[in-house]
Amino acid sequence: GDFPIETDTLVIGAGPGGYVAAIRAAQLGQKVTIVEKGTLGGVCLNVGCIPSKALISAGHRFENAKHSEDMGITAENVKVDFTKVQEWKGSVVNKLTSGVEGLLKGNKVEIVRGEAYFVDGESIKVMDENSSQTYKFKNAIIATGSRPIELPAFKYSDRVIHSTGALALKDVPKKLVVIGGGYIGTELGTAYANFGTEVTIIEALDDILMGFEKQMSSLVKRNLKKKGNVDIHTKAMAKSVEETENGVKVTFEVKGEEQTVEADYVLVTVGRRPNTDELGLEQVGVEMSDRGVIKIDKQCRTSVSNIFAIGDIVEGPPLAHKASYEGKIAAEVIAGETSEIDYLGIPAVVFSEPELATVGYTEAQAKEEGLEVTAAKFPFAANGRALSLNETDGFMKLITTKEDGIVIGAQIAGANASDMISELGLAIESGMTAEDIAMTIHAHPTLGEITMEAAEVALGSPIHII
Ligand code: FAD
Numbered sequence: 004g005d006f007p008i009e010t011d012t013l014v015i016g017a018g019p020g021g022y023v024a025a026i027r028a029a030q031l032g033q034k035v036t037i038v039e040k041g042t043l044g045g046v047c048l049n050v051g052c053i054p055s056k057a058l059i060s061a062g063h064r065f066e067n068a069k070h071s072e073d074m075g076i077t078a079e080n081v082k083v084d085f086t087k088v089q090e091w092k093g094s095v096v097n098k099l100t101s102g103v104e105g106l107l108k109g110n111k112v113e114i115v116r117g118e119a120y121f122v123d124g125e126s127i128k129v130m131d132e133n134s135s136q137t138y139k140f141k142n143a144i145i146a147t148g149s150r151p152i153e154l155p156a157f158k159y160s161d162r163v164i165h166s167t168g169a170l171a172l173k174d175v176p177k178k179l180v181v182i183g184g185g186y187i188g189t190e191l192g193t194a195y196a197n198f199g200t201e202v203t204i205i206e207a208l209d210d211i212l213m214g215f216e217k218q219m220s221s222l223v224k225r226n227l228k229k230k231g232n233v234d235i236h237t238k239a240m241a242k243s244v245e246e247t248e249n250g251v252k253v254t255f256e257v258k259g260e261e262q263t264v265e266a267d268y269v270l271v272t273v274g275r276r277p278n279t280d281e282l283g284l285e286q287v288g289v290e291m292s293d294r295g296v297i298k299i300d301k302q303c304r305t306s307v308s309n310i311f312a313i314g315d316i317v318e319g320p321p322l323a324h325k326a327s328y329e330g331k332i333a334a335e336v337i338a339g340e341t342s343e344i345d346y347l348g349i350p351a352v353v354f355s356e357p358e359l360a361t362v363g364y365t366e367a368q369a370k371e372e373g374l375e376v377t378a379a380k381f382p383f384a385a386n387g388r389a390l391s392l393n394e395t396d397g398f399m400k401l402i403t404t405k406e407d408g409i410v411i412g413a414q415i416a417g418a419n420a421s422d423m424i425s426e427l428g429l430a431i432e433s434g435m436t437a438e439d440i441a442m443t444i445h446a447h448p449t450l451g452e453i454t455m456e457a458a459e460v461a462l463g464s465p466i467h468i469i
């Protein structure tokens, strides 16, 4: 056997959950070791949030360059060099992942490369190609993330791809079938549609982006249809795929009728499963659900008191900022602080057209819980900045309690919704009222004024709508 190396806090996985937890634990005086079998930054930085947003913004620029006729701008011969797009995307990812390495080192976190599994409740073994090393820890934080679900009828191959493959295509495909109209499918479908791909989205549920209110997702759907090269089939079941000489033939069923569509690739985005099956968790006694989701308490503690779990492997929305938030909590608890999770202020964003964002309660959720609320709506079309950006599509909806006007939720569909939602998160976290927002002077002309005006609607006295 090898001589175990001792550490205080051992973190498994260096995604947005793990690396943030490691840094915070180090800041709080712990000796920290982080183990990563792949690339620092995890899914988010390497094959998730960041590269997808890079492709989306490149597609957006291309589309805007071609179509700004409304503003008196016409351009000819606008071209995409997709190899360059991919290089640029890669350079963004590299900057961030090397940044994470620098941050970990700067905080004196020991980085160990290899695959970790639990030996017992106090030690793990890390395997790399030709060696293994045991680490003994006082506390461990599991942050091993998730991977795409594979449908039995759609085994992954060169042509049947998941999000990672879709982010790494060498050329813009002529045709792309997307199975699953969740946020990942919708975002990637939109990006490629903007590059000129004919996109067919096949969604089993009643609608795409089912996590959002219909009045929000319908704006996205309308814009996708307006593009002219996107086909959306809802209540449609993807059945099978046949690989042809240089593409795929996908069969799906709508209203009892079978249809087929040919494409270069089929992208399957039907959800992700937690990476908890190869960690030796059973022998340590860490409790999991049938789906492999690790059970934690409000302090991110598993059923084993010195082992914590965060990010995509625990309940809740599988989002990077949730993983990081939990990472900080776990690190603080290990360092003896009394931190606890409160999920109400966690936003969710789709980088669609227009962007969708939500935080806290929706009107329907509040009513389900028996809360008496006011839902105040303000349209982007009544905001000067939105008009001058030529981005008038969308609205904000502010949810406040009827009795005392406390902000408990907000939904935004519109340009820059992803940035605007932060102010509402802050309002919820700090227990602000609609009046607090309305009394805050927002710069003119900005999209932020939409938030101020929605608050005035909630108070019954908006200036810019009747
Ligand atoms: P991960 O980021 O999955 O990191 C886990 C790490 O653990 C990996 O690096 C893995 O190699 C490592 N690991 C696993 N097992 C072991 C082991 N046994 N030993 C050592 N290391 C191990 N979220 C957002 O908030 N916003 C977005 O815009 C967004 N866009 C996305 C787009 C796409 C295409 C995808 C796929 C995801 C997107 N997400 C987005 C989700 C986001 O990427 C995840 O929620 C986030 O990465 C989860 O963080 P994590 O730390 O839990 O795990």
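4 is the number of the first residue of the sequence shown in UniProt numbering; add one for each residue after it.
Ideal Cβ positions, reconstructed from N, Cα and C, are used throughout, including at glycine.
Start-to-end residues for the alpha helix (DSSP H) that takes in residue i
{"i": "Phe-198", "result": "186-198"}
{"i": "Thr-105", "result": "Residue 105 is actually Gly in this sequence, not Thr. It spans 85-109 - the alpha helix (DSSP H) in which Gly-105 sits, taken as one unbroken run."}
{"i": "Gly-45", "result": "45-50"}
{"i": "Ala-312", "result": "Premise fails: Ala-312 lies in the beta strand (DSSP E), 310-312, not in any alpha helix (DSSP H)."}
{"i": "Gly-21", "result": "21-30"}
{"i": "Ile-332", "result": "323-337"}
{"i": "Gly-387", "result": "387-391"}
{"i": "Glu-79", "result": "Taken as a continuous stretch (DSSP letters only), Glu-79 belongs to no alpha helix (DSSP H), as it is neither H nor E."}
{"i": "Glu-9", "result": "It is not in any alpha helix (DSSP H) - Glu-9 instead sits in the beta strand (DSSP E) that spans 8-15."}
{"i": "Gln-302", "result": "Note, Gln-302: premise wrong, no alpha helix (DSSP H); not H, not E."}
{"i": "Gln-368", "result": "366-371"}
Sheet register partners of residue i (DSSP bridge)
{"i": "Gly-250", "result": "Thr-247"}
{"i": "Lys-380", "result": "Lys-400"}
{"i": "Arg-116", "result": "Glu-39"}
{"i": "Ile-297", "result": "Met-291, Val-317"}
{"i": "Ala-239", "result": "Val-257"}
{"i": "Asp-234", "result": "Thr-203"}
{"i": "Leu-359", "result": "Val-353, Ala-416"}
{"i": "Pro-277", "result": "Ser-149"}
{"i": "Pro-64", "result": "Here residue 64 turns out to be Arg, not Pro, going by the sequence shown. Bridge partners of Arg-64: none, in fact."}
{"i": "Val-269", "result": "Val-163, Val-180"}
{"i": "Ser-71", "result": "Ile-76"}
Range covered by the beta strand (DSSP E) that runs through residue i
{"i": "Gln-262", "result": "260-266"}
{"i": "Val-223", "result": "First-last for Val-223: 217-229, but that is the alpha helix (DSSP H), not the beta strand (DSSP E)."}
Whole-angstrom C-beta distance between residue j and residue i, which should lie under 8 Å
{"i": "Ser-220", "j": "Asp-210", "result": "6 Å"}
{"i": "Gly-185", "j": "Thr-272", "result": "6 Å"}
{"i": "Gly-348", "j": "Gly-428", "result": "5 Å"}
{"i": "Ala-207", "j": "Val-112", "result": "Not quite, the Cβ-Cβ distance comes to about 43 Å (not below 8 Å), so this is no contact."}
{"i": "Leu-462", "j": "Glu-426", "result": "The pair is not a contact, with the Cβ atoms about 17 Å apart (cut-off 8 Å)."}
{"i": "Tyr-120", "j": "Pro-176", "result": "The pair is not a contact, with the Cβ atoms about 38 Å apart (cut-off 8 Å)."}
{"i": "Ala-446", "j": "Met-399", "result": "Going by Cβ atoms, the distance from Ala-446 to Met-399 rounds to 17 Å, so no, they are not a contact pair."}
{"i": "Leu-212", "j": "Leu-270", "result": "With 8 Å as the limit, Leu-212 and Leu-270 do not qualify as a contact, their Cβ atoms being about 16 Å apart."}
{"i": "Gly-288", "j": "Val-307", "result": "6 Å"}
{"i": "Gly-21", "j": "Leu-99", "result": "Not quite, the Cβ-Cβ distance comes to about 15 Å (not below 8 Å), so this is no contact."}
{"i": "Tyr-195", "j": "Thr-36", "result": "Not a contact, Cβ separation roughly 40 Å."}
{"i": "Asn-278", "j": "Gly-124", "result": "Not quite, the Cβ-Cβ distance comes to about 20 Å (not below 8 Å), so this is no contact."}
{"i": "Phe-65", "j": "Glu-190", "result": "With a Cβ gap of about 16 Å, Phe-65 and Glu-190 do not count as contacting."}
{"i": "Ala-156", "j": "Val-244", "result": "7 Å"}
In the stretch 407-467, which residue ranges form an unbroken alpha helix (DSSP H) of at least 4 residues, counting only runs that do not cross its ends? Counting only runs of at least 4 residues, the stretch 407-467 fully encloses the following alpha helix (DSSP H) elements, listed from N- to C-terminal order: 420-432, 437-442, 451-462.
Whole alpha helix (DSSP H) runs in the stretch 118-188 with 4 or more residues, listed along the chain? 166-170
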